[in-house]
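2 protein chains.
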Amino acid sequence: MADVAKAAGVSHQTVSRVLNEHPNVRAETRDRVLKAIDRLGYRRNMVARALVTRHSRTLGVVSFDTILYGPASTVYGIEQAARDAGYFVSIVSLRTIDRAGVRDAIDYLTEQGVDGIVVVAPQRSAASALEDLPRGIPVVAVEGGHGGAAPVICVDQAEGARLATAHLLDFGHETVWHVRGPQDWLEAEGRIEGWEAALTAAGREIPDVLSGDWSPRSGYEAGKRLAAMADEVSAVFVANDQMALGVLRAFTEEGVRVPDQISVVGFDDIPESEFFSPPLTTVRQDFGAVGRHSIDVLLKQIEAEGRGETERFVVPPDLVVRASSAPRNS
Amino acid sequence: MADVAKAAGVSHQTVSRVLNEHPNVRAETRDRVLKAIDRLGYRRNMVARALVTRHSRTLGVVSFDTILYGPASTVYGIEQAARDAGYFVSIVSLRTIDRAGVRDAIDYLTEQGVDGIVVVAPQRSAASALEDLPRGIPVVAVEGGHGGAAPVICVDQAEGARLATAHLLDFGHETVWHVRGPQDWLEAEGRIEGWEAALTAAGREIPDVLSGDWSPRSGYEAGKRLAAMADEVSAVFVANDQMALGVLRAFTEEGVRVPDQISVVGFDDIPESEFFSPPLTTVRQDFGAVGRHSIDVLLKQIEAEGRGETERFVVPPDLVVRASSAPRNS
DNA sequence: ACCACGACTGTGAGCGTTAACAACCTGTCG
DNA sequence: CGACAGGTTGTTAACGCTCACAGTCGTGGT
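Protein sequence lines, in the order shown, are assigned to chains A and B. Count the first sequence with the working numbering and you get residues 1 to 330, in order. Count the second sequence with the working numbering and you get residues 1001 to 1330, in order.
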């Protein structure tokens, strides 16, 4: 910077002013500085800037299993929204998720000097890490349950499940079976909740829940079990599309026709769902909206210096009806 | 830090030494400092550290479309490997990929003070941005063609395609059709190359190529066209699994039986492939290995301060045989 | 002619850390 | 007993930037 100042015949402070678009710089001076910057190939050192301003214009993201469609989409949405707002994103992708891991990641990012942190905490154990947050750094949670001290942005899982279940009941199915996601996941809980609520509201029996772990294989295994009771089962709500694919595969192998014998509904609307055999009825989540809102809320927290309200933002899901669900055949 | 020094009755430099695990600190002194740090809840300011050491222990990643399975897995592999090596990762996820975008991202990250950059450049236009790199910052390319000035880490796409095609020829198919990926993508080119090479090596005719854009829908459309010529076609190599799903769907709709009438092979081995109807024969890429190697090479470049060799690391792919491919029927 | 004011520019300090060097202490060896 | 090595600690000066403040200059009003 000193070199530029010398080359342009001004003080370092004037160079700084040009860089920061301060209004009180004569146009001619600005040009001279800009030319010098260009000629010398000068790049300002953001680290030094961050040291004095105490703002790095970088946000941290703590996530888990960023290869799964849901988390990957969420992180992508967050990154885009952050960049639009002029912020960088540093990512920590946890291998195993637990209280300690999330806390370490938050500490780690804090130490790096990020201005705020988005924690994608889809599991109870991760969400619990948000209960007593280190003060001094704004944090928002995505899919983080009640979120403890942090604001929460989430998709209304229960509502999505309710839509899916009600859709099947509307088709005249006596009841709807459910293949759930893994124990610790809040999304799995929310979906069960909505499913039960819809059944209860219609005065239907609540069948035993089958367990899965989000993987197609676990759906396949659940599908085998359901196929074995094909005479009692006419509709299944599966907690995500990957497991739903496994269910469809098991049904195909066992000669159970979808939707003639059994209707299947998934959750997520992954790009593949439309081309399953048959195309899958499912619940779409707007991950872009989740990312945008989480950044909005986080920036608001940063501006308010932690004194912002711990609001809660719920994004509504949509039902996408395709060929895997149909009126009951009897 | 001054506070800690005062509390422990030492100089700030001794605190710094404790923090950096300098050997020449008396055990008793270290304990005293550590206790003071703990008591005051002190956290060292990495920004100030980065300013003076000129190392941020942060690496930049420039990527594109991080929701697709391939890029997402690559970025995940990079992130894990970087963290194992004690580095942070800042991500820039490009919306549209072109020379200017990649250059901007590299500049952006350089300005932020990253120690090195991994560019995931699966497209020709992105790879071309690597031809004249800004000096002064180590860069490695993943899937970046010849890579220009930067070392390249990639999966041997042509070899994967050769494996897939040879597998189908071994099954007695007269020739193998191909649904390619989008124009600008190097991976699409590599896969075509391998496919042609395998056909040429076997002295077979090279059929017209069908075009897709990686999406299931484009595969579906290609599948419809192939189904219309089902009597000439007995084997198809599709450039990725998502498009292969679309092809399978189109075949199902048109009553083309897989693999009885037509064998289908994909590329990527996404988690869903095993549960397609029928389960998909495909080519698996080891994204974890790509991530690890790219970080290895990048760190080597950083140590060598840019004077490292521009090596090229090729990761071999594996053929995974499932039910969608079978010996020719007739 | 004087003053006030705004536009523009320069000066010095300081952000929190590490590097380089100096200083001190202890023990060992000739 | 003195010198010297080596472990341990403290002092000072950067790193590259912004902030607060202090000019300087020209303009317009009284």
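Don't be surprised by glycine CBs; every beta carbon is placed ideally from N, CA and C.
Applying the criterion that 16 or more other CB atoms from any shown protein chain within 10 Å of the CB defines a buried residue, is residue i buried or exposed?
| i | result |
| --- | --- |
| A/Ser56 | buried |
| B/Val1052 | exposed |
| A/Ala304 | exposed |
| B/Ala1309 | With the sequence shown as reference, residue 1309 of chain B is identified as Glu, and Ala is not the correct amino acid for it. Exposed, because fewer than 16 other Cβ atoms sit within 10 Å of the Cβ of B/Glu1309. |
| B/Leu1199 | buried |
| A/Glu131 | exposed |
| A/Gly86 | exposed |
| A/Arg162 | buried |
| B/Leu1040 | exposed |
| B/Ala1036 | buried |
| A/His12 | exposed |
| A/Gly144 | buried |
| B/His1146 | exposed |
| A/Asp31 | exposed |
| B/Arg1026 | exposed |
| A/Gly255 | exposed |
| B/Glu1205 | exposed |
Residues bridged to residue i by DSSP?
| i | result |
| --- | --- |
| A/Arg284 | A/Asp268 and A/Asp318 |
| A/Ala50 | BP columns for A/Ala50 are empty, so no partner. |
| A/Ile62 | Sequence inspection shows Val at residue 62 of chain A; the Ile mentioned does not correspond to that position. According to DSSP, A/Val62 bridges with A/Val92 and A/Val119. |
| A/Val209 | A/His178 |
| B/Met1142 | The sequence given here has Val at residue 1142 of chain B, not Met. Answer is B/Val1120 and B/Ile1153. |
Within a Cβ cutoff of 7 Å, which residues of the same chain sit near residue i, ignoring the five residues on either side of it in sequence?
| i | result |
| --- | --- |
| B/Ala1250 | Tyr1220, Gly1223, Lys1224 and Ala1227 |
| B/Gln1159 | One detail in the question is off: residue 1159 of chain B reads as Glu in this sequence, not Gln. Once the five neighbours on either side are set aside, the close Cβ partners of B/Glu1159 are Gly1194, Pro1316 and Pro1317. |
| B/Pro1216 | Gln1242, Met1243, Leu1245 and Gly1246 |
| B/Pro1182 | Ala1188, Asp1213 and Trp1214 |
| A/Ser294 | Ile78, Val118, Val140, Val142 and Ile153 |
| B/Arg1297 | It should be noted that the sequence gives Val, not Arg, for residue 1297 of chain B. Hits under 7 Å: Val1140, Pro1151, Ile1153, Glu1311 and Phe1313. |
Quick check on DSSP: helix, strand or coil for residue i?
| i | result |
| --- | --- |
| A/Ser56 | coil |
| B/Ile1137 | coil |
| A/Val152 | strand |
| B/Arg1333 | Lying before the first or after the last residue shown, residue 1333 of chain B is absent from chain B, which here runs from 1001 to 1330. |
| B/Ser1263 | strand |
| B/Val1238 | strand |
| A/Ala185 | The question names Ala, but residue 185 of chain A in the sequence shown is Trp. A/Trp185 falls in the strand class under three-state DSSP. |
| A/Val33 | helix |
| B/Phe1313 | strand |
| B/Asp1132 | coil |
| A/Trp214 | coil |
| B/Asp1098 | coil |
| A/Gly194 | helix |
| A/Pro278 | coil |
| A/Ile106 | helix |
| B/Val1297 | helix |
| B/Glu1254 | helix |
| A/Asp231 | coil |
| B/Leu1199 | helix |
| B/Met1243 | helix |
| A/Arg26 | coil |
| B/Ala1005 | helix |
| B/Ile1067 | coil |
Can you find the residues in the same chain that come closer than 6 Å, C-beta to C-beta, to residue i, ignoring five residues on each side of it along the sequence?
| i | result |
| --- | --- |
| A/Leu169 | Ala202 |
| B/Ser1324 | Val1258, Pro1259, Val1264, Pro1278, Leu1280 and Thr1281 |
| A/Gly288 | Gly77 |
| A/Ala129 | Arg99, Val102 and Arg103 |
| B/Glu1174 | none |
| B/Trp1177 | Pro1207, Val1233 and Val1236 |
For residue i, which residues in the same chain have their Cβ closer than 8 Å to its Cβ, ignoring the five residues on either side in sequence?
| i | result |
| --- | --- |
| A/Phe333 | With chain A covering 1 to 330 only, the question about residue 333 of chain A has no answer from this structure. |
| B/Arg1180 | Ala1188, Arg1191, Ile1192, Val1209, Leu1210, Ser1211, Gly1212 and Ala1239 |
| A/Ser90 | Thr58, Leu59, Gly60, Val61, Leu109, Gln112 and Val114 |
For residue i, verify whether its CB is less than 6 Å away from any heavy atom of the ligand GDP.
| i | result |
| --- | --- |
| A/Arg26 | In terms of ligand content, the structure shown is empty, and the ligand GDP therefore cannot be addressed. |
Would you call the segment 1059–1066 of chain B and the segment 1080–1094 of chain B in contact, with 3 or more CB pairs under 8 Å? Taking a cut-off of 8 Å on C-beta distances, the segment 1059–1066 of chain B touches the segment 1080–1094 of chain B, as three or more cross pairs fall below it.
Evaluate contact between the segment 1131–1147 of chain B and the segment 1109–1119 of chain B, counting only Cβ atoms and requiring at least three cross-stretch pairs below 8 Å. Taking one beta carbon from each stretch, the segment 1131–1147 of chain B and the segment 1109–1119 of chain B have 3 or more pairs nearer than 8 Å; the two touch.
When you compare the segment 1020–1033 of chain B with the segment 279–289 of chain A, are there three or more beta-carbon pairs, one atom per stretch, that lie closer than 8 Å? They do not touch, by the three-pair rule.
Count the C-beta pairs between the segment 1038–1048 of chain B and the segment 1002–1019 of chain B that are closer than 8 Å, then say yes if the count reaches three, no if not. Yes, the segment 1038–1048 of chain B touches the segment 1002–1019 of chain B.
For the structure I just gave you, are there three or more beta carbon pairs, one from the segment 1230–1237 of chain B and one from the segment 1173–1192 of chain B, closer than 8 Å? The segment 1230–1237 of chain B is in contact with the segment 1173–1192 of chain B.
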